[in-house]
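Engineer: Structure in structure tokens, see below.
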Amino acid sequence: MESLQTENPPGTPPAGIDKALTGIAGFDEITRGGLPAGRPTLVCGGPGCGKTLFAMQFLVSGAIRFDEPGVFMSFEERTDELAKNVASLGFDLYDLMDKQRLAMDTVIIERSEIEESGEYDLEGLFLRLDFAIQSVGAKRVVLDTIESLFSGFQNQAILRSELRRLFHFLKDRGVTVVITGEQGEGLLTRQGLEEYVSDCVILLDHRINDQVSTRRLRIIKYRGSAHGTNEYPFIIDEHGLEVMPVTGLHLRHPASRERISSGVERLDTMLGGQGFFRGSSVLISGTAGTGKSSLAAHFADATCQRGEQCLYIAMEESPEQVLRNMRSIGLDLERWANSGLLRFIASRPTLFGLEMHLATIFRAVQQLSPAVVIVDPISNLSTIGSLTETMSTLLRLVDSLKAKQVTALFTSLTATGDEENESHLGVSSLMDTWISLRNLEHNGERNRGIYVLKSRGMNHSNQIREFLLTSQGVRLEDVYLGKEGVLTGSARLAQEARERADSTLRQEELAALQRRLDRKKTALEAQISLLHAEFEAEAEEVRKRILEADRREQDLTADRDAMAVIRLADTRKIARES
Amino acid sequence: MMDDKRWNLRLYIAGQTPKSMVALANLRRICEQHMDGRYTIEIIDLMANPRLAQQDQIVAIPTLVRELPSPLKRIIGDLSNTERVLVGLDVAPREA
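In order, the protein sequences belong to chains A and B.
Note that my numbering numbers the first sequence so that position 314 is 314, with each residue one more than the last.
Note that my numbering numbers the second sequence so that position 67 is 1067, with each residue one more than the last.
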């Protein structure tokens, strides 16, 4: 990773040397402002690597966008050939020449008609260049390919000293120069042009690996400026040259707190109750037939239901196939496709190189500015590039989508169910949310399980859920978790039935016990009332006896008093004695 | 006979540089010796008329262009190697 790139946003040249924007998408970012202004830059590479196009785009953007007219001095192709070649990119060289924004000069040296006799110099070339520069007030100059001079003249000593003089001359004029050079055996250029151009050297490369072509660009040197040192893939298409920064230069994605539904309610619940973060990257991995695409389709459906644009990149199936298959699980995506909310890009991965795919996706994202991008599946990309290439492609894709706050959902096919294999594309670390779908084999049947492996910034469920594809769409069910382990499918149903039976039995037992208790209580109460009755009876008896005894005592006293009266005893005395 | 053969020559220079002067002197000498009276020399100073450099495809200075006899031929340098100039001008080369 580069360390010096945290201060300045792309496009604005940092303090230091002045730079001239090339207008080549991506290039100005990796060079942090373009080519060194007022100095020569050597662009070298093999035949057909895009040197001339690079130079032309630099000139034309200068003339059109940056108010810097240019001079194109060609040593190979004639003006009409060049004009024809770049017309397909939308460059109208004749128009620019008419408007005095561009001057073109083709230097033709016919070796066969030249005889050398004595000392000479290349003042004629200087005069032509100077004349062209002054005629349009050029700030930019392209020399394509100056080493053709070496085949035109015999005296190499003169040539070399004149070349050195040429670069001084150009520096004096203060023009930004692009010199192209053919790559030589083991050398950057056949004639060692790099020894004259010491400020900035760019190498373009065109490789074919496994029948897929990739173009790469590398900044070999850039005096006085920080720059990316990686090999950057680039593409040439109808929009010209475009460099893809391998990694986003800045880790400055905005982080939204907004949540959006995954389209499956229970999955939202598993994801902290609200679904994905907007602008996050979601990976759904799983073996074949685990329902990755179905889950993706639900997300697409939910997106369109919110009235947001969804871009579906199908790498395996045609759009019609996706629509048909999703109808079978009760998802009508066709209405969204018809209304334009859902857009498909379908292409076989092997059709183009990775860069082309990336560019296609970028363009579509630029054009539609969708809220959601679905790539189904990304694992297919690995069939067209090496692992590192695929990974860097994905990295760039994820980066750029994040930067645009586009929520991205990727599905990835894994060969086996183990997690190490699932991260084989190395993308898992880029993903904010990783949902794993797997087949759970048990009891002679396969059932789908779903769980959230990770989900940054939210309290997500650690539970495995059973994942059912029904005619009403995806449904998540709790799996049976008990002493028997995790059970799904019919085993889960059986276990649940068994549990229900067990519980009925237990309830009956409970009722019986309750009844016994009730009975016992009734018996006890009966006994208590019996005892009570007995006690009452006995108490009555006792009370009667006490009353009787009392009465008898009174009778006795009365008798004694009567006797005393009869015997004329002293009443008071008797009373005192008693 | 070679008597009716004529040479139309143009010498391109860029200012009165020593090299240009040497070239002009060499050219005059060779012409007088080998083509007496049957030649014309036009001297074009590109400093005064830079547009012609592009038009006439001049890169090296000095350049002597042999317009006639055709085909067109260019002899570059200060013309100090008479042998090569004669070859370039297609002048009766191998005489002792």
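All residues carry an ideal CB built from backbone N, CA and C; glycine is no exception.
Should the segment 54 to 65 of chain A be called in touch with the segment 134 to 143 of chain A, which here means at least 3 C-beta pairs below 8 Å?
Structural biologist: Verdict: yes, contact present.
Engineer: For a quick check, are the C-beta atoms of residue 200(A) and residue 223(A) less than 8 Å apart?
Structural biologist: Yes, these two residues count as a Cβ contact at 8 Å.
Engineer: Would you kindly check if the distance between the Cβ of residue 342(A) and the Cβ of residue 314(A) is under 8 Å?
Structural biologist: No; because the gap between Cβ atoms is not below 8 Å, this pair is not in contact.
Engineer: Nearest to residue 153(A) by alpha carbon, out of 197(A), 115(A), 321(A)?
Structural biologist: Comparing Cα positions, the closest option is 115(A).
Engineer: Who are the Cβ neighbours of residue 104(A) in its own chain at under 6 Å, not counting the five residues just before and after it?
Structural biologist: Hits under 6 Å: 72, 79.
Engineer: Out of 1005(B), 1018(B), 1024(B), state which residue places its alpha-carbon closest to the alpha-carbon of residue 1011(B).
Structural biologist: Cα-wise, what sits closest to residue 1011(B) is 1024(B).
Engineer: For the segment 97 to 124 of chain A, enumerate the residues whose C-beta is nearer than 7 Å to any C-beta of chain B, in chain order.
Structural biologist: Cβ contacts with chain B come from 105, 107, 108, 109, 113, 114, 115, 116, 117, 118, 119, 120, 121, 122, 123, 124.
Engineer: Tell me residue 450(A)'s beta-bridge partners as DSSP assigns them.
Structural biologist: Partner(s): 437(A), 465(A).
Engineer: Taking DSSP's pairing of strands, which residues face residue 70(A) in a bridge?
Structural biologist: BP columns for residue 70(A) point to 102(A), 140(A).
Engineer: Less than 8 Å between CB atoms is the rule here; does residue 1005(B) satisfy it with respect to chain A?
Structural biologist: Not one chain A Cβ lies under 8 Å of residue 1005(B).
Engineer: Using a Cβ-Cβ cutoff of less than 8 Å, which residues in the same chain neighbour residue 336(A) once the five nearest sequence positions on both sides are dropped?
Structural biologist: 300, 301, 304, 310, 342, listed in sequence order.
Engineer: Step through the CB atoms of chain B and report whether any lies within less than 8 Å of the CB of residue 150(A).
Structural biologist: No, residue 150(A) does not count as interfacial toward chain B.
Engineer: Please confirm if the segment 280 to 296 of chain A is in contact with the segment 434 to 444 of chain A, defined as three or more CB-CB distances below 8 Å between the two stretches.
Structural biologist: A contact exists between the segment 280 to 296 of chain A and the segment 434 to 444 of chain A.
Engineer: Mind listing which residues of the segment 1016 to 1040 of chain B have their C-beta closer than 7 Å to chain A's C-betas, in chain order?
Structural biologist: Residues passing the 7 Å Cβ filter: 1019.
Engineer: For residue 14(A), which three-state DSSP category applies?
Structural biologist: At residue 14(A) the pLDDT is 49, less than 50, meaning the model places this residue with poor confidence; the figure from the coordinates comes in the next sentence. Three-state DSSP puts residue 14(A) in coil, outside helix and strand.
Engineer: Taking Cβ to Cβ, would you say residue 1079(B) is nearer than 8 Å to residue 1009(B)?
Structural biologist: Going by C-beta atoms, residue 1079(B) is not nearer than 8 Å to residue 1009(B).
Engineer: Is residue 169(A) close to chain B? Criterion is C-beta to C-beta, closer than 8 Å.
Structural biologist: Taking Cβ atoms only, chain B never reaches closer than 8 Å to residue 169(A), which makes this a no.
Engineer: Against chain A, does residue 1076(B) count as a neighbour if the rule is that its beta carbon must be under 8 Å from one of theirs?
Structural biologist: Yes, its Cβ sits closer than 8 Å to a Cβ of chain A.
Engineer: Flag residue 215(A) as yes if its beta-carbon sits less than 8 Å from any beta-carbon of chain B, otherwise no.
Structural biologist: Judged by the 8 Å Cβ criterion, residue 215(A) is not in contact with chain B.
Engineer: Find the residues of chain A that neighbour residue 1080(B), judging by a C-beta separation of less than 9 Å, and give them in chain order.
Structural biologist: By Cβ distance, chain A contributes 117, 118, 119.
Engineer: Please classify residue 1082(B): does DSSP put it in a helix, a strand, or coil?
Structural biologist: Helix, per DSSP.
Engineer: Exposed or buried, which one is residue 338(A) when buried takes at least 16 other CB atoms within 10 Å?
Structural biologist: Exposed.
Engineer: Going straight from the alpha carbon of residue 55(A) to that of residue 68(A), what length do you get?
Structural biologist: Cα to Cα, residue 55(A) sits roughly 14 Å from residue 68(A).
Engineer: Tell me whether residue 565(A) sits in a helix, a strand or coil according to DSSP, three-state version.
Structural biologist: Reduced to three states, the DSSP call for residue 565(A) is helix.
Engineer: Helix, strand or coil for residue 470(A), going by three-state DSSP, please let me know.
Structural biologist: Strand at residue 470(A).
Engineer: Considering only C-alpha positions, which residue in the set 226(A), 159(A), 221(A), 214(A) is nearest to residue 233(A)?
Structural biologist: Comparing Cα-Cα distances from residue 233(A) to each of 226(A), 159(A), 221(A), 214(A), the minimum goes to 214(A).
Engineer: In angstroms, rounded to a whole number, what distance separates the CA positions of residue 567(A) and residue 550(A)?
Structural biologist: If you take the alpha carbons of residue 567(A) and residue 550(A), they lie about 26 Å apart.
Engineer: If you draw a straight line from the C-alpha of residue 227(A) to the C-alpha of residue 38(A), how long is it?
Structural biologist: If you take the alpha carbons of residue 227(A) and residue 38(A), they lie about 18 Å apart.
Engineer: Quick one: list the residues of chain B neighbouring residue 131(A), beta-carbon separation under 8 Å, in chain order.
Structural biologist: Here the neighbours are 1050, 1051, 1053, 1054.
Engineer: Thinking residue 474(A) and residue 329(A) are a contact (beta carbons under 8 Å), I'd like their distance in whole angstroms, please.
Structural biologist: Yes, residue 474(A) and residue 329(A) are in contact; Cβ-Cβ is about 7 Å, under 8 Å.
Engineer: Are residue 34(A) and residue 53(A) closer than 8 Å when you measure CB to CB?
Structural biologist: The answer is no: Cβ separation not under 8 Å.
Engineer: Using a Cβ cut-off of 8 Å (strictly closer), state whether residue 78(A) contacts chain B.
Structural biologist: False, the Cβ-Cβ gap to chain B never drops below 8 Å.
Engineer: Which full runs of the alpha helix (DSSP H) of 4+ residues lie inside the segment 1004 to 1042 of chain B, going along the chain?
Structural biologist: Listed in chain order, the complete alpha helix (DSSP H) runs (minimum 4 residues) inside the segment 1004 to 1042 of chain B are 1018 to 1034.
Engineer: State yes or no: is the beta carbon of residue 127(A) nearer than 8 Å to at least one beta carbon in chain B?
Structural biologist: Yes, residue 127(A) lies at the interface with chain B (some Cβ there is under 8 Å from its Cβ).
Engineer: Go through the segment 292 to 360 of chain A residue by residue and report every complete run of the beta strand (DSSP E) that reaches 3 residues or more, in order.
Structural biologist: The qualifying runs are 310 to 314, 342 to 346.
Engineer: What do you reckon, are the CB atoms on residue 1059(B) and residue 133(A) nearer than 8 Å?
Structural biologist: No.
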